[in-house]
Each structure stands twice: as structure tokens, then as C-alpha cells.
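Asker:
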Amino acid sequence: MSGFVVIVSNIFLGSLTTLKEVPLYGSEIIAANGGRLRALADETIGGYVIWVPSSMVLIVAIILVLNGWNAAEERRWTSRYEHMRKSNAAALEFPETAEELRLKVEKPNRDMGRTLALGAFAMFMIVMITVVTIIYAL
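Just so you know, we're using this note's numbering here: the sequence shown kicks off at 1 and counts up by one.
1. Once DSSP output is grouped into helix, strand and coil, what is the label at Leu24?
2. Please name the residue in Phe4, Ala122, Leu103 whose C-alpha comes closest to that of Val60.
3. Whole angstroms is fine: what's the gap from Ile126's alpha carbon to Leu64's?
4. Can you give, in chain order, each stretch of the alpha helix (DSSP H) that sits fully within the region 62 to 112 and has at least 4 residues?
5. Using three-state DSSP, classify Arg38 as helix, strand or coil.
6. Between the Cα of Ser15 and those of Trp77, Ala39, Ile45, spot the shortest distance and give me the residue it belongs to.
7. If we count the other Cβ atoms within 10 Å of its Cβ and call it buried at 16 or more, is Thr17 buried or exposed?
8. Just how far apart, CA to CA, sit Arg80 and Phe94?
9. Using CA atoms only, rank isn't needed, just tell me which of Phe124, Leu116, Tyr136, Asp42 is closest to Ile62.
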């Protein structure tokens, strides 16, 4: 959970720095780099440097989780056939028709759908709060 908070705060800070319309730092930046880069452009580049790596960490974490789910599914699929070879009673645990499968997976699928919808809503709210903060705070 703390990793998620750090990633979201980096995304918030990076997007705030990248998408703002007014420079936070004035002539000090312009004087430091010889006047070749405007303050707003320099801060926008800095915002991307903060924003993109933190987003990449989140994407890598999502890929690792999906890979773990796939590995668990493969293990479950393999163990299914091992159990079916050992006992007829174990074979009854696995659905044989589409209707039996629907009945078995209905609740887990509904719960997963709600979780994904809540995650999408949370991400949408983070983006909207960031946009409102950028527009009205500066």
C-alpha cells in the first residue's frame, strides 16, 4: 500500500509540474542555464522526469501481477488434469457444461469486475483532482 501511495504522489507531483501554465521558479533557472531554456520549459522537462519513471514502476508492477496470475492459472490447469487421473470424485469438482461453469465463476467474476471498476474510478478521480488542483491552485 505504501508503494502505491509513493507512486501516486510521484504521478501527482510530475503532472502538476508538467501541466502547469505558470513557472514556479523565475529568473534563477534562466540565468543558471545561460538563457537557452525558458523557465516553464525547464520545469516541464523536470515534470516529465518525475512523472514517467514513476508511471513505469506502476506499469512494471501491473505486468508482474498479471504474470503471477497467469502462472497460478497454469498451475491450476495442470493440477486439474492430475486430479482427474487419480480419482473420479475429484473430476466432479470441475464443471463440464457452460452452465455449470457460469454458476461456478459468477461470484468471483462479479467481485473482480467491481474491483476493477473501483480501481478505474479511483484512477479517474486522481486525474480529475490533479487537473482541478493544477487549474485552480495556480
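C-beta: ideal position from N, C-alpha, C; glycine also.
Being a predicted model, the structure only gives us computed values, none of them experimental.
Answerer: Reading from the atomic positions:
1. Taking the sequence shown and counting its residues from 1, the one referred to as residue 24 is at position 24. In the structure shown, Leu24 sits in coil (DSSP, three-state: anything other than H, G, I, E or B).
2. The residue given as residue 60 occupies position 60 in the sequence shown. Looking at the Cα atoms, Phe4 is the closest of the given residues.
3. Position 126 of the sequence shown, counted from the first residue, corresponds to residue 126. Position 64 of the sequence shown, counted from the first residue, corresponds to residue 64. Roughly 23 Å separates the two Cα atoms.
4. 88 to 91
5. Within the sequence shown, residue 38 is the residue found at index 38, counting from 1. When secondary structure is reduced to three states using DSSP, Arg38 falls in the coil class, being assigned neither helix nor strand.
6. Against the sequence shown, residue 15 aligns to sequence position 15. Comparing Cα positions, the closest option is Ile45.
7. Counting from 1 along the sequence shown, the entry for residue 17 is found at position 17. Classification for Thr17: buried.
8. If you number the sequence shown from 1, residue 80 lands on position 80. If you number the sequence shown from 1, residue 94 lands on position 94. If I take the Cα positions, the gap works out to 8 Å.
9. In the sequence shown, counting from the first residue as 1, residue 62 sits at position 62. Measuring from the Cα of Ile62, the nearest candidate turns out to be Leu116.
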